[in-house]
Amino acid sequence: MQINPQRAKQLVENLTHITQRIQSANKRSEPIRLIAVSKLKPATDILALHQPPLQHAHFGENYVQELLQKASVLPRSIRWHFIGALQSNKCKTLAEQIPNLWCVSSVDSVKKADALEKGRAAFVARLAAEHTIGESAKSADSGEGRDAVAEAVLRIMVQVNTSGEESKSGVEPSDALALCKHIRTSCPHLQLTGLMTIGAIARSQATTPGNENEDFVTLKDTRDQIAKELGMLEGELELSMGMSADFEGAIAMGSDEVRVGSDIFGERPPKKDAMVVEKG
Ligand SMILES: *Cc1c(COP(=O)(O)O)cnc(C)c1O
């Protein structure tokens, strides 16, 4: 893959600038995770940020086919987040075919959780079989195999529709607890790590550090309630909220993870023009 050095320099500058803005907005001691949202952008853009000097690890994608293709050409050390609208019939493939899928952030039904569980279970079974075969051949101890299996747990965020807009995916805030419980009790290969919201565009445009965004308030209240019900500490159930237009406001409201695309990579092309590997 050929990386344009000028493009790489620009991307490194952009991401460095976003990281600085996150750090100055963050008043807590724990760092905030930055997902660089690379949907519809070429694999070379991702590689430019994943290689030195930044070695950025967390990237977010919205389309299963595009993610499968990118994951197959990019290093395994990338931590992929699937953040897009999720279709039930793609869940098993997603969880089974991408070893370095780190988190699925957009789970909004029991059906999708169950399909992800099935996919991850199949992945883990394959991994365990490969290790058993490899180890009996060289008769080594199985510590490495156990670690690989333990690391294969797939993190899950439940997407909550905090704005009440019909066009938005996500469970109603009042239905989030039941889905969280289901993941914790019935999906052993999944690990519930938090709640995610996108929120209304109009509210995100009006979001400033001094102007509390209602979507963020709703997500935080929902999280606090669920954490209490499930006997979890608030910090064990993360908040994923904030994008290019509103991440500083989201951090002020307690976000643990922001998802920033256009402020790093620039405007996105229409989906029909997007290319994973650029030609020529
Ligand atoms: C595209 C997308 C983002 C990034 O949006 P920007 O405004 O480009 O920063 C974040 N979260 C989700 C769920 C997205 O689909």
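Under our numbering, think of the first position of the sequence shown as 46, with each following residue one higher.
No residue lacks a Cβ here, since even glycine has one placed at the ideal position from N, Cα and C.
Predicted model, so just to flag it, every value in this text is computed and none were measured.
The straight-line gap separating the alpha-carbon atoms of K156 and P50 is approximately 45 angstroms.
Nearest C-alpha to D192 among T177, G105, K137, M277: T177. For A81, no alpha helix (DSSP H) segment is defined; the enclosing uninterrupted segment is the beta strand (DSSP E) at 78-82.
Counting every other CB atom within 10 Å of its CB across the protein chains shown gives P87 a total of 16 or more, marking it as buried. Within the same chain, H95, S122, I123, R124 come within 8 angstroms of A102 by CB-CB distance, once the 5 residues on both sides are set aside.
Taking a contact as a CB-CB distance under 8 angstroms, the pair R200 and Q236 counts as one, their CB atoms being some 5 angstroms apart. About 18 angstroms separates the beta carbons of L172 and V149, which is beyond the 8 angstroms limit, so they are not a contact pair. With a cutoff of 8 angstroms on beta-carbon distance, G215 and T242 are scored as near each other. Across the set V262, E111, I67, T267, the C-alpha of E111 shows the shortest separation from the C-alpha of L85. Membership of I201 in the beta strand (DSSP E) is indicated by the continuous run 199-204. If you look at T238, you'll find it in the beta strand (DSSP E) that goes 235-241. The closest heavy atom of ligand 1 lies less than 7 angstroms from the beta carbon of R304.
Within the same chain, Cβ atoms closer than 7 angstroms to the Cβ of K163 are found at K137, the five residues on either side in sequence being excluded. Shortest gap from the CB of M288 to any heavy atom of ligand 1: under 7 angstroms. The DSSP assignment places 235-241, 283-285, 302-305 as complete runs of the beta strand (DSSP E) inside the segment 228-308, in order along the chain (cut-off: 3 residues). Following the DSSP letters along the chain, one finds R66 in no beta strand (DSSP E) but inside the alpha helix (DSSP H) bounded by residues 50-70. For L282 against I296, the beta-carbon gap comes to about 17 angstroms, at or over 8 angstroms, which does not count as contact.
Here the distance from the Cβ of S300 to the nearest heavy atom of ligand 1 is not below 7 angstroms. Per DSSP, the continuous beta strand (DSSP E) segment holding H126 begins and ends at 124-127.
By the beta-carbon neighbour count (other beta carbons within 10 angstroms, threshold 16), K54 is exposed. E302 and H234 have their alpha carbons spaced roughly 22 angstroms apart. Contact between F127 and L113 is absent: CB atoms are separated by about 11 angstroms, not below the 8 angstroms threshold.
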